[in-house]
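Okay, so here's the structure we're looking at.
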Amino acid sequence: MALAPADGGRRSRRGFAYQDVVTLLDCLDMLDGQWTSVSWEDLEDILCYRDAEPNYRQVKTIEEAGTRHSVASVCRPETAQKTAETSYLGKLFLDKPLPEGTRFTLVINEMPQRDLHEFAVERDHPRGPVSESTRNDVIARLNGLQLPNGRDIAWCVDRLDVLVAGRTIEDVEREALHRLAPHVGALLGTGAMYEEVEEVMTRLMEVITRRARALRPQDFTSETFRTAVETSVRKATGRRRDGSTEPLMTLREKLQPAEVSDAEAEGLHDAMLAFRRRRRASIGTKRQQLDDLADDVHALCTVTMAERHSGLIAPGPDAYQATVLKVANMPQVGDRTHNLTDALATLSDITARCLNRYADAS
Numbered sequence: 074m075a076l077a078p079a080d081g082g083r084r085s086r087r088g089f090a091y092q093d094v095v096t097l098l099d100c101l102d103m104l105d106g107q108w109t110s111v112s113w114e115d116l117e118d119i120l121c122y123r124d125a126e127p128n129y130r131q132v133k134t135i136e137e138a139g140t141r142h143s144v145a146s147v148c149r150p151e152t153a154q155k156t157a158e159t160s161y162l163g164k165l166f167l168d169k170p171l172p173e174g175t176r177f178t179l180v181i182n183e184m185p186q187r188d189l190h191e192f193a194v195e196r197d198h199p200r201g202p203v204s205e206s207t208r209n210d211v212i213a214r215l216n217g218l219q220l221p222n223g224r225d226i227a228w229c230v231d232r233l234d235v236l237v238a239g240r241t242i243e244d245v246e247r248e249a250l251h252r253l254a255p256h257v258g259a260l261l262g263t264g265a266m267y268e269e270v271e272e273v274m275t276r277l278m279e280v281i282t283r284r285a286r287a288l289r290p291q292d293f294t295s296e297t298f299r300t301a302v303e304t305s306v307r308k309a310t311g312r313r314r315d316g317s318t319e320p321l322m323t324l325r326e327k328l329q330p331a332e333v334s335d336a337e338a339e340g341l342h343d344a345m346l347a348f349r350r351r352r353r354a355s356i357g358t359k360r361q362q363l364d365d366l367a368d369d370v371h372a373l374c375t376v377t378m379a380e381r382h383s384g385l386i387a388p389g390p391d392a393y394q395a396t397v398l399k400v401a402n403m404p405q406v407g408d409r410t411h412n413l414t415d416a417l418a419t420l421s422d423i424t425a426r427c428l429n430r431y432a433d434a435s
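With the first letter of the sequence shown counted as 1, position 16 gets the number 89 in my numbering; the numbers rise by one all the way through.
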């Protein structure tokens, strides 16, 4: 699998939260038999294969209320001095192999204007015909594009779909939760609780985010994604595929060696869940800052654990106090880049997911 052209050394994670949830939906489509593999940050934002037939998928969101994509906007160069190659559709059509069976999908978060709406599709459904006038308008606006494999602009336009996803990340997440619930229930052998499905989805999103940071593009096949779902279900519920269970420590149980009361632990748990939702919904610079915060808090936890193992800090309440103070005294908290509430919620999130850092298991 090749590095994406003009990739700039892989993605930075800024502004990709919405795209990651759309990727999860495509992976769920794969479980339903629509695709044979799904990768992202490859030759396009998302690349879905049906056997040897690629579907190049570009995600473009609009944040301004009342603004909608049109044929003119998706064909418009980035600046007046640049060519159609820099337009949304120019980038979608160019710099990639175009074998028979290729399709292109522009994924957007707002209902487009009437002309672009002619290309609209629903998941798992082919699109209807496009009027000759609209088709010719797109071809004329993209005049001059040089395509490989003897293809021309008309060939690409005839294979273009527009998929309208949810307006916000929360909208797309709700769809993903609805789609994921039957798979979680099937693995558990019983109906899954909302909190369980949400936790499984959070873990899957972390896998997608982590893989997107890799030096080279990575993909899921139906088999490997099903394994990722099974692993996420096991970690979230303690239930193995064969119906047996394994110990699953809750945040409350992990805080018991620190002598944190059940009532206080419950409050920390609620704050952690609220923070997880905010973090998933964040985009742009804010998402990057929260990812950096999680990395820094994890590093402080590791330092405190090493100090405990060396005897510098006593286990239990002392270890917990030392960790909380390190987090509270982080420069990011002092300069108000992050508030203390988010920093402590991040600590709770890491405590819930990782080894018990305040006392070794007995």
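For every residue, glycine included, the Cβ atom is placed at its ideal position computed from N, Cα and C.
In this text, all values refer to a predicted model and were calculated from it rather than measured experimentally.
If you draw a straight line from the Cα of Asp-391 to the Cα of Leu-373, it comes to about 15 Å. Distance from the Cα of Thr-275 is smallest, within the candidate group Arg-353, Gly-262 and Asp-368, for Arg-353. The beta carbons of Ile-242 and Val-94 sit closer together than 7 Å. For Tyr-393, the enclosing alpha helix (DSSP H) begins and ends at 390–401. Straight-line measurement puts the Cα of Ala-309 at about 29 Å from the Cα of Val-132. Annotation for Arg-123: the continuous beta strand (DSSP E) segment containing it runs 119–123. The three-state secondary structure of Gln-186, taken from DSSP, is coil. DSSP places Asp-234 within a strand segment (E or B) once states are collapsed to three.
Separation of Gly-262 and Ala-254 (C-alpha to C-alpha, rounded to the nearest whole angstrom) is 12 Å.
Bounds of any alpha helix (DSSP H) do not take in Ile-356, whose DSSP letter is neither H nor E.
Nearest in C-alpha terms to Leu-179, of all of Gly-217, Ser-383 and Asp-118, is Asp-118. The continuous alpha helix (DSSP H) containing Phe-298 extends over residues 295–310. Judged by pairs of C-beta atoms under 8 Å, the segment 284–293 touches the segment 104–113, as three or more such pairs exist.
Of all alpha-carbon atoms in Leu-101, Gln-361, Val-147 and Val-406, the one lying nearest the alpha-carbon of Phe-293 is that of Leu-101. Around Ala-387, the same chain offers Arg-381 as residues with beta carbons nearer than 8 Å, after the five sequence neighbours per side are excluded. In this structure, the CA atom of Leu-233 is about 9 Å from the CA atom of Arg-200.
Each residue's CA atom was taken as its position, placing Glu-332 and Gln-291 some 43 Å apart.
Rounded to the nearest angstrom, the Cβ distance from Leu-366 to Ser-421 is 13 Å, too far for a contact under 8 Å. Around His-371, the same chain offers Ile-423 as residues with beta carbons nearer than 7 Å, after the five sequence neighbours per side are excluded.
For Arg-224 against Leu-171, the beta-carbon gap comes to about 5 Å, under 8 Å, which counts as contact.
Note on His-198: under 16 other CB atoms within 10 angstroms of its CB, so exposed under the neighbour-count rule. Linking Leu-385 to Val-397 through their CA atoms gives a straight-line distance of about 16 Å. Under DSSP, Leu-179 forms a beta bridge with Gln-131 and Val-235. The DSSP-derived three-state label of Trp-113 is strand. For Glu-191, same chain residues with a beta-carbon under 7 Å away, outside a window of 5 residues either side, are Val-203, Ser-204 and Thr-207 in chain order. Rounded to the nearest angstrom, the gap between the Cα atoms of Glu-246 and Gly-217 is 39 Å. The DSSP-derived three-state label of Val-194 is strand.
If you draw a 10 Å sphere on the C-beta of Arg-409, you find fewer than 16 other C-beta atoms in it, and that means exposed. Around the C-beta of Ser-160, 16 or more other C-beta atoms lie within 10 Å, and the residue is accordingly described as buried.
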